[in-house]
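Notes for the one structure printed next.
In our numbering, the protein residues as written are 1 to 358.
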């Protein structure tokens, strides 16, 4: 009897155990979908708030990035107190010029300058290089020339005060006098400290810009009409960073101006920086789009002419009117005959002679 009771009890326990296992197998799947469904509902319920917050955060990040980019593109602090005029096409007037007059040169033109009547130029398409003189009003004559055995001419101007052309190389500066188809070349300044050089002049002085754009050794040396050293201008405040980045410069009796190329909107703009002869800032201004080849020259009085590597020339004064002069051909280099007449070239075997009508 006792054994039968034990067996009966064991059978009861077995049945209870089976019921427990079955309950777990049935209840557990019912609980899981309920949990997952509730979890999903929770996400949906609270998702709107993070979206608003995320939008605010995204806006803040974009604003921060834009501000940082804007800051990075700003000119250095040294230019804070200088009048800088941004590009405004409406501020320029277009100057009328005569129909284009293409002058064929006997050789390709590299550097050039004008004595007020004709042009002298260098040609580098042959060895040795050549220096030649082109009579602009005589189209039939072959340009007189002679071999240039010196280093390549980097920059060339005409110095009216001494009636000579000045040619700068990476080693020396030469004066070149042209008379009756003969070239008299004299070394006037020896360069033992420069890798690059630009030259400009006014009535009293020759300005020699040594190592433009090289901030470790750039300076301006000033010489008299007898090529005697007068003084040195060392760069630093208050001379603008953008002036030091100049690729070409020119002087009048009242001011000096340099031009540089500055990136903008996936392209480049040419910028002019004008200073007094004591290197006090006068004006910094964007002129317009340009290519890699730009140059500035002056009429010797008060006007500056700036090439853009395109079919326009900018003409302006330190204070006053700004003009755009349309060309028929692309102009990289320029030689100014006077305030109404100039020649532009693009390294080919011809130049465009432009006569202003007003």
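The beta-carbon is built from N, C-alpha and C at its ideal position, and this holds for glycine as well.
If you're wondering where the values come from, they're calculated on a predicted model, not measured in any experiment.
**OP:** Starting from residue 244, follow the alpha helix (DSSP H) in both directions and report where the run begins and ends.
**Re:** Segment 241-244, the alpha helix (DSSP H) holding residue 244.
Original post:
Of the residues 138, 14, 281, 346, which one's Cα is nearest the Cα of residue 294?
Top reply: That would be 346, whose Cα lies nearest to the Cα of residue 294.
Original post:
Near residue 139, what residues of its chain come up, given a Cβ to Cβ distance below 8 Å and the 5 sequence neighbours on each side ignored?
Top reply: Hits under 8 Å: 103, 104.
Original post:
Which of helix, strand or coil does DSSP assign to residue 78?
Top reply: Per-residue confidence for residue 78 stands at a pLDDT of 34, beneath the threshold of 50, marking its modelled position as unreliable; the derived number appears in the next sentence. Residue 78: helix per DSSP, three-state reduction.
Subject >> Element boundaries [beta strand (DSSP E), containing residue 331] >> reply: No beta strand (DSSP E) contains residue 331, which DSSP labels as neither H nor E.
Original post:
Grouping DSSP H, G and I as helix and E and B as strand, with all else coil, what is residue 350?
Top reply: For residue 350, the secondary structure class from DSSP, reduced to helix, strand or coil, is strand.
Original post:
How long is the line joining the alpha carbons of residue 32 and residue 9, rounded to whole angstroms?
Top reply: With a pLDDT of only 42 at residue 32, under 50, the local geometry of the prediction cannot be trusted, and the value read off the model is given with reservation. Each residue's alpha carbon lies about 35 Å from the other.
Subject >> Through-space distance from residue 142 to residue 107, alpha-carbon basis >> reply: The alpha-carbon atoms of residue 107 and residue 142 are separated by roughly 9 Å.
Original post:
So which of 311, 13, 300 has the shortest CA-CA distance to residue 161?
Top reply: Of 311, 13, 300, the residue nearest in Cα terms is 300.
Original post:
Cβ of residue 119 within 8 Å of Cβ of residue 343?
Top reply: Closer than 8 Å, so yes.
Original post:
With which residues is residue 220 paired in a DSSP beta bridge?
Top reply: Bridge partners of residue 220: 209, 233.
**OP:** Take every Cβ of the region 212-221, pair it with every Cβ of the region 262-277, and state whether three or more of those distances are shorter than 8 Å.
**Re:** For the pair of segments examined, the region 212-221 was found not to touch the region 262-277: the number of CB pairs separated by less than 8 Å stays below three.
Original post:
On the three-state DSSP scale, how would you describe residue 177?
Top reply: Strand at residue 177.
Original post:
Mind checking residue 274: buried by the 16 CB within 10 Å criterion, or exposed?
Top reply: Under a 10 Å Cβ-count criterion, residue 274 is classified as buried, with 16 or more other Cβ atoms of the shown protein chains found around its own Cβ.
Original post:
residue 280: buried (16+ other C-beta within 10 angstroms of its C-beta) or exposed?
Top reply: With a 10 Å radius around the Cβ and a threshold of 16 neighbouring Cβ atoms, residue 280 comes out exposed.
Original post:
Residue range of the beta strand (DSSP E) that residue 308 falls in?
Top reply: Here residue 308 belongs to no beta strand (DSSP E), and DSSP marks it neither H nor E.
Subject >> N- and C-terminal bounds of the beta strand (DSSP E) containing residue 320 >> reply: From DSSP, residue 320 is part of no beta strand (DSSP E); its letter is neither H nor E.
Original post:
Just to confirm, are residue 117 and residue 356 a CB contact at a threshold of 8 Å?
Top reply: Residue 356 is positioned such that its CB atom lies no closer than 8 Å to that of residue 117.
**OP:** Over the uninterrupted beta strand (DSSP E) stretch that includes residue 345, give me the two end residues.
**Re:** Per DSSP, residue 345 is one residue of the beta strand (DSSP E) stretching across 341-345.
Subject >> Coarse secondary structure for residue 139, derived from DSSP in three states >> reply: Secondary structure of residue 139 (DSSP, three-state): coil.
Original post:
Hey, how far is the Cα of residue 76 from the Cα of residue 185?
Top reply: With a pLDDT of 43 at residue 76, under the threshold of 50, the modelled position of this residue cannot be trusted; read the value that follows with caution. Between residue 76 and residue 185, the alpha-carbon positions lie close to 43 Å from each other.
Original post:
Could you check where the beta strand (DSSP E) with residue 159 kicks off and where it finishes?
Top reply: 155-159 is the extent of the beta strand (DSSP E) around residue 159.
Original post:
In whole angstroms, what is the alpha-carbon distance linking residue 163 and residue 111?
Top reply: Just so you know, the alpha carbons of residue 163 and residue 111 end up roughly 18 Å apart.
Original post:
CB-CB under 7 Å to residue 230, same chain, minus the five flanking residues each way: which ones, in chain order?
Top reply: Here the set comprises 205, 222, 223, 224.
**OP:** Using a threshold of 8 Å, state whether the C-beta atoms of residue 113 and residue 165 are closer than that.
**Re:** Yes; because the gap between Cβ atoms is below 8 Å, this pair is in contact.
Original post:
Who are the Cβ neighbours of residue 135 in its own chain at under 7 Å, not counting the five residues just before and after it?
Top reply: Here the set comprises 118, 141.
**OP:** Output yes or no for whether 8 Å exceeds the beta carbon distance between residue 155 and residue 182.
**Re:** In this structure, residue 155 keeps its C-beta atom at 8 Å or more from the C-beta atom of residue 182.
Original post:
Can you round the beta-carbon distance between residue 153 and residue 173 to whole angstroms, since I take them to be within the 8 Å contact cut?
Top reply: Not confirmed; about 10 Å, so no contact.
Original post:
With a CB to CB cut of under 7 Å and the five nearest residues on each side skipped, what residues in its chain are close to residue 270?
Top reply: Around residue 270: 259, 261, 287, 288, 290, 294, 306, 308.
**OP:** Find out if the Cβ-Cβ distance for the pair residue 251, residue 200 is shorter than 8 Å.
**Re:** A contact, by the Cβ cut-off of 8 Å.
Original post:
Would DSSP call residue 277 helix, strand or coil?
Top reply: In this structure, DSSP gives residue 277 a state outside helix and strand, which the three-state scheme calls coil.
**OP:** Apply the 10 Å Cβ neighbour rule to residue 13 and answer buried if 16 or more other Cβ atoms are within range, or exposed otherwise.
**Re:** Exposed.
**OP:** Please report the Cβ distance between residue 326 and residue 311, rounded to the nearest whole angstrom; I am assuming they are in contact, meaning their Cβ atoms lie under 8 Å.
**Re:** That pair is a contact at about 7 Å.
Original post:
Would you say residue 246 reaches chain B, if we count a Cβ-Cβ gap shorter than 8 Å as a contact?
Top reply: Absence of chain B from the displayed structure is noted, only one protein chain being present.
Subject >> Anticipated Cβ contact below 8 Å, residue 248 with residue 296, distance rounded >> reply: Taking the Cβ atoms as the reference, residue 248 lies roughly 5 Å from residue 296, within the contact range of under 8 Å.
Original post:
Who are the near neighbours of residue 124 in its chain, counting only those whose CB is closer than 7 Å to its CB and skipping five residues on each side?
Top reply: The beta carbon of residue 124 lies closer than 7 Å to those of 110, 152 in the same chain, with the five residues before and after it left out.
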